[in-house]
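Residue numbers (the working numbering): 1 to 285. One structure below.
Here it is as structure tokens:
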């Protein structure tokens with residue numbers, strides 16, 4: 001989720017910057033898996049299975065005792081809970097300020113407002129996902145902090161039940177994501193209906209099919225648009241005629257009004273520059 005938050009931040013705050021390549025994306029995904037493996041490896045390394053009369057126990061026997069156990073969980077809490085929430089909080093706050101307070105004055109085009117509305121919905125959905133993650137994992141981490149500080153609580157009669165309840169809540173955090181997507185995303189809801197259309201109480205409407213087709217054939221931005229949109233202003237050629245002399249071209253720079261789309265991309269720059277180049281060529285010929 002942290003990687004998704006950073007990706008959304010880059011796409012919305014700096015849309016002209018090239019997106020990550022397929023290789024870079026694979027490296028990020030691989031790094032996430034490696035980090036997860038390294039964080040879980042100590043528990044696998046020091047885990048012990050002990051057979052007792054009537055039951056079998058599986059627990060982690062830390063060489064350094066309870067102090068090492070507490071230190072390990074503090075590191076895990078910082079790396080997989082506090083730091084990700086901090087990054088996601090900053091990125092989504094910046095994205096929210098941009099989407100809810102950065103509208104282009106005077107732009108009333110339907111396409112602009114549709115794109116703005118769609119991006120706002122996606123950000124809202126991801127914020128709900130992040131809040132769900134934070135709420136589900138908070139009791140689990142609080143349990144280890146409290147039992148690490150007050151170790152006598154580990155001998156309490158119902159401490160095992162409290163641990164299992166917090167553990168099950170934490171593990172169920174990802175279970176709520178499809179439900180959130182289904183409630184807040186029309187496209188996902190249409191795909192969900194199609195996937196479970198064999199259920200007697202689920203009906204796929206023509207609108208749902210149209211939504212899925214629109215998602216499949218939605219046009220994507222071409223790479224050339226990034227190059228054109230990086231131009232801040234276009235060059236406009238102004239022709240002056242002098243008495244008794246041949247046609248004289250004087251070039252003046254002025255900032256041309258830009259037809260901005262949602263991402264601030266100029267759609268007139270390339271056309272204006274090409275027309276200017278052809279005029280200059282014809283004058284010097």
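Ideal Cβ placement from N, Cα and C applies to all residues, glycine included. It should be emphasised that the depicted structure is a prediction, and the values quoted were computed from it without experimental measurement.
- Annotation for residue 50: the continuous beta strand (DSSP E) segment containing it runs 47–52.
- A distance below 7 Å between beta-carbons, with the five flanking residues on each side excluded, links residue 76 to the following residues of its chain, in chain order: 39.
- Per the DSSP secondary-structure output, residue 56 pairs in a beta bridge with 51.
- Scanning 72, 69 and 82 for the CA closest to the CA of residue 1 turns up 82.
- Going by beta carbons, residue 163 and residue 130 fall outside the 9 Å limit.
- DSSP places residue 14 outside both helix and strand once states are collapsed to three, so it counts as coil.
- Inter-residue distance for residue 144 and residue 201 is about 44 Å (C-alpha atoms, whole angstroms).
- Following the DSSP letters along the chain, one finds residue 150 in no alpha helix (DSSP H), marked with neither H nor E.
- Between the alpha carbons of residue 20 and residue 4 lies a gap of roughly 12 Å.
- Using a Cβ distance threshold of 9 Å, residue 147 and residue 173 do not count as a contacting pair.
- Every unbroken stretch of the alpha helix (DSSP H) spanning 4 or more residues and falling wholly within the region 118–199 is given here in chain order: 159–171, 176–184 and 186–195.
- If you compare the alpha carbons of 159, 150 and 167 with that of residue 135, the shortest gap goes to 167.
- In summary, residue 52 is exposed, with fewer than 16 beta-carbon neighbours lying within 10 Å of its beta-carbon over all protein chains present.
- Under the three-state reduction of DSSP, residue 66 is assigned to helix.
- In terms of CA proximity to residue 42, 72 leads the group 99, 140, 14 and 72.
- Bounds of any alpha helix (DSSP H) do not take in residue 202, whose DSSP letter is neither H nor E.
- The distance from the Cβ of residue 99 to that of residue 119 is about 6 Å, consistent with a contact at the 8 Å cut-off.
- The beta carbons of residue 123 and residue 34 sit no closer together than 9 Å.
- With fewer than 16 other beta carbons inside 10 angstroms of its own, residue 60 counts as exposed.
- Look at residue 8 here: in three-state DSSP terms it is helix.
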